[in-house]
Amino acid sequence: MALEPLLNPRRKVVVLVGGVGGAKLAHGMAQIVPPEDLTIIVNTGDDFWHYGLRICPDFDTVMYTLAGMVDPVNGWGVAADSTATLDALRRFGEQPWFRLGDRDLATHLLRTLALRDGQRLTEIMGRLTRSLGVGATLLPMTDDPVATMILTAERGEMDFQEYFVRFRWQPTVKAIRYAGADAAQMTPEVRAALLAADLIVFGPSNPWLSIAPILNVPEMRRTIASRPVPRVALTPIVQGQALKGPAAKIAAELGYEVSPRTVAEAYRGTINGFVFDERDAAVGLDNLYEFSDLRTISCDTIMQDDVSRARVARLILDWTASWEADHEHLGDHPR
């Protein structure tokens, strides 16, 4: 399907995302926004070491999606990838619980070698994304290690990938912390992108597992909140269900209402616009805050294919282009 290019005046767009859900919106934006005007800031809180390799699941998912090589069934990994290496590990008696395809391993090998050579993650992933033909700029949220840690009722504290993959997000979540976030630094590239942005969008990723690690990098939330531009979040929860992953389950286990309202509250003071699904149009989000600087719009937020991804991206772009640049809606609200 041929898409019309973004209408002038051109805008610099920054999208904050996690993995599969966020990658869908990033792909929708990439179909419309010129690549030189699009920056994707990706969660690295679920990065981890596995068999001596540094794995960056969310970043790789977004990279493979924009490169047109992601597995269309899972939404992650490389399409039609083989698993000869994992099969060989099993023959040695190993029980690998994290799937690494053979072509996918090339990404992890090159990244690990470069990291051990002292290179920055931002520089490494910039080379890899360009090698795969990705035009948009993809940035890790920080070059420093941050680990999303999940405190569970049944198994104590574990890192994100153990919770999400090894135990299939079945343990009950009691609390979440972002180890290393306090010491992490915002990279010059992330700061420059945010300060140049004409539109900042929070993708439909898990607010606690994917977006919160980004916002917990020091100065990240305040930098975003201080920008006098549209700062819009897209809900990942529709009719009490998560579009992907454990967002609804975690919300309930942490004692929150499972609704778009809870998502908007998670970003309170940082966003000034919120997109929720038309199926939840009765939730009354217009009265969400005691202050009146949150604009809302409802639409069909389900992104099942390239066309629907572009449709949601286009709605956000067109909607925010219509905003008046006034203090009430676009001013500094660093709460």
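Sequential numbering of the sequence shown, starting at 195, is according to the numbering used here.
Yeah, the Cβ is synthetic: ideal placement off N, Cα and C, and Gly gets one too.
Discussion item. Let's test the definition: count the other Cβ atoms within 10 Å of the Cβ of T514 and tell me whether it reaches 16, buried, or not, exposed.
Written reply: By the 10 Å Cβ count, T514 comes out buried.
Discussion item. Going by DSSP in three states, T233 sits in which element: helix, strand or coil?
Written reply: strand
Worksheet entry | Outcome for G212 when other beta-carbon atoms lying within 10 angstroms are tallied against a minimum of 16 | buried
Item to complete: Could you please give the first and the last residue of the uninterrupted alpha helix (DSSP H) stretch that includes S325?
Response: 315-325
Worksheet item: First and last residue of the alpha helix (DSSP H) that includes A220?
Response: 214-224
Worksheet item: Which whole-angstrom value is the C-beta distance of R305 and C250, which I expect to be below 8 Å?
Response: Taking C-beta atoms under 8 Å as the contact rule, R305 and C250 qualify, at a distance of about 7 Å.
Practice prompt. Pick helix, strand or coil for Q355, following the three-state DSSP scheme.
Written response: helix
Worksheet entry | Contact under 8 Å by Cβ, G215 with S492 | No; because the gap between Cβ atoms is not below 8 Å, this pair is not in contact.
Fill in: Rounded straight-line distance, which links the Cα of T342 to that of G239
5 Å
Worksheet entry | F396 to R462 span [Cα, whole Å] | So the alpha carbons of these two residues sit roughly 12 Å apart.
Worksheet entry | DSSP beta-bridge partners of V531 | This structure cannot speak to residue 531, because the chain is shown only from 195 to 529.
Worksheet item: Just the Cα atoms here: how many angstroms apart are R285 and N268?
Response: 25 Å
Practice prompt. With a threshold of 16 other CB atoms inside 10 Å of the CB of L389, please say whether the residue is buried or exposed.
Written response: exposed
Fill in: Any 3 or more C-beta pairs closer than 8 Å across the stretch 505-513 and the stretch 222-232
yes
Worksheet item: What are the start and end residues of the beta strand (DSSP E) that includes W402?
Response: No beta strand (DSSP E) holds W402; DSSP gives it neither H nor E.
Fill in: Which of helix, strand or coil DSSP assigns to S502
helix
Worksheet item: Helix, strand or coil: how does DSSP classify L294 here?
Response: Look at L294 here: in three-state DSSP terms it is coil, with no helix or strand label.
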